[in-house]
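Using my numbering, the letters of the sequence shown correspond one by one to residues -1 to 93.
No residue lacks a Cβ here, since even glycine has one placed at the ideal position from N, Cα and C.
What follows is one structure encoded as structure tokens, with my remarks underneath.
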Amino acid sequence: MASIQTVKLSEPVQVRGQRISEVTVRRPKVKDLRALDHLDVNANDLTRGIEMAAILTGLAAETIDELDAADFAAISDVIAGFLPKPPEPGGGGRS
């Protein structure tokens, strides 16, 4: 899989007078995953997803907040595709 993927936004956003119509998402490193440790232990999955999207796109979390929900979902799918899949239950994984 490529280390960078571009997501074309179905609903472009304006940020500080600049139109954003596509977002580049890079493959995460361990340090990116660890960067989420600063979040409150009670932070929900959405908050963690927004923070991870901000880290991997280089956009501010406030900009991620302005994205259309479908565009955020597309970015989240790209990020999920970069991560290893958990083993299937009963799939004979390592013990």
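### Query
Identify the residues that DSSP records as bridge partners of T22: which are they?
Taking the sequence shown and counting its residues from 1, the one referred to as residue 22 is at position 24. According to DSSP, T22 bridges with T4.
### Message
For R32, report the span of its alpha helix (DSSP H) as first-last.
### Response
Indexing the sequence shown from 1 puts residue 32 at position 34. Start and end: V28 to R32.
### heavy atom of the ligand SAH below 7 angstroms from L57 C-beta
What this structure holds is no ligand at all, so the ligand SAH is not there to describe.
#### Entry: Beta carbon of I48 nearer than 8 angstroms to that of R24
Here the question's residue 48 lines up with position 50 in the sequence shown. Here the question's residue 24 lines up with position 26 in the sequence shown. In this structure, R24 does not lie closer than 8 angstroms to I48 by Cβ.
#### Entry: DSSP-derived helix/strand/coil call for E86
Residue numbering aside, residue 86 sits at position 88 when the sequence shown is read from its first letter. If DSSP states are grouped into helix, strand and coil, E86 belongs with coil.
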